[in-house]
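Asks: Protein chains in written order, with my numbering: chain D, 51 to 170; chain H, 861 to 1045. The C-beta atom is built at its ideal place from N, Cα and C for all residues, glycine as well. All values reported here derive from a predicted model rather than from experimental measurement.
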């Protein structure tokens, strides 16, 4: 989350060209948004949306032809940290009846337990 | 019985007041800030509070995008937060089952509001080279609201799935008809 904020404000602090800062100004808020949503256990997997964004940060310097090494290093640092943080998996504290896939799968914890309750 | 309100396969009730109250409070704060900003956009207030970015707020609140629609964007935002607060407050603590329609509506109301706010945050620097403190605050609020409200939507969706599996009418279950509520857990 903080990394997204850094992307958002780094261009102003470090004085990048308009093209580079536009990129950071678009990707930064997106990364921050997904990170905030992923704080809650129920929507934890939203963090995975940040993977393609981090990948984009790796190739963006070539595609957009960055002329600024500080910007390049900053983008790479953010991309690497975002990917590393994706692997941090806090302990599961709650049960969600099988989670989101349970909406389209059958034989899920929620339907099993609902069936048991009916028999009691 | 509190136990009876927990969805099957869960260990807490996502529709309990302790789960919903923080979201409602956030929505009300968002509504108040957005209402304040729209007072400026309607020309009722002549200045707006901006501690960090100089003329940023003025630039953003008078930008073409903020007036792209007949109603200024802050007024639309205020309306959005109000809808969120009301949709968050309607219904009892078992509404994931008794009123799936309001839970799903609540989820749909929360999602786009967050999406639009993030879009507006992107537009601020890219198109206008300016930031607006209170606009950012409301955007953060709308994004923060998404995560904690989705668990309730999930519980309702799983309930609808169980209705489908049991062969009962999904339509009647969605609107909370009693015959479905009594037969499906």
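Would you give the residue range spanned by the alpha helix (DSSP H) that residue 998 (chain H) belongs to?
Replies: 993–1026
Asks: Per the contact definition of three or more C-beta pairs closer than 8 Å, is the region 992–1010 of chain H in contact with the region 873–883 of chain H?
Replies: Three or more beta-carbon pairs drawn from the region 873–883 of chain H and the region 992–1010 of chain H are found closer than 8 Å, and the two stretches are therefore classed as touching.
Asks: Counting pairs of Cβ atoms below 8 Å between the region 957–966 of chain H and the region 920–938 of chain H, do you hit three or more?
Replies: no
Asks: What residues are listed by DSSP as bridge partners for residue 1035 (chain H)?
Replies: The partner list for residue 1035 (chain H) (beta bridge, DSSP) is empty, contrary to what the question assumes.
Asks: DSSP three-state call for residue 146 (chain D): helix, strand or coil?
Replies: strand
Asks: For residue 973 (chain H), which residues of its own chain have a beta-carbon under 6 Å away from its beta-carbon, when the five flanking residues on both sides are left out?
Replies: 940 and 1002
Asks: Kindly indicate which three-state DSSP category residue 871 (chain H) falls into: helix, strand or coil?
Replies: coil
Asks: With 16 as the cutoff for other CB atoms within 10 Å, does residue 1013 (chain H) come out buried or exposed?
Replies: buried
Asks: Mind listing the chain H neighbours of residue 89 (chain D)? Cutoff is C-beta to C-beta under 7 Å, in chain order.
Replies: 1007
Asks: Is residue 127 (chain D) close to chain H? Criterion is C-beta to C-beta, closer than 8 Å.
Replies: Answer no: the Cβ-Cβ gap between residue 127 (chain D) and chain H never drops below 8 Å.
Asks: Quick one: which chain D residues come within Cβ less than 7 Å of residue 1039 (chain H)?
Replies: Chain D residues near residue 1039 (chain H): none, gap ~15 Å exceeds 7 Å.
Asks: Would residue 102 (chain D) count as contacting chain H if we go by Cβ distances under 8 Å?
Replies: no
Asks: Specify the secondary structure class of residue 922 (chain H) as computed by DSSP and reduced to three states.
Replies: coil
Asks: Please classify residue 1041 (chain H) as buried or exposed, where buried requires at least 16 neighbouring CB atoms within 10 angstroms.
Replies: buried
Asks: What residues from chain D crowd round residue 941 (chain H), counting only those whose CB sits closer than 8 Å?
Replies: Under the 8 Å cutoff, chain D gives no residues; its nearest Cβ is about 17 Å from residue 941 (chain H).
Asks: For residue 952 (chain H), count neighbouring Cβ atoms within 10 angstroms of its own Cβ and tell me buried if that reaches 16, exposed if not.
Replies: exposed
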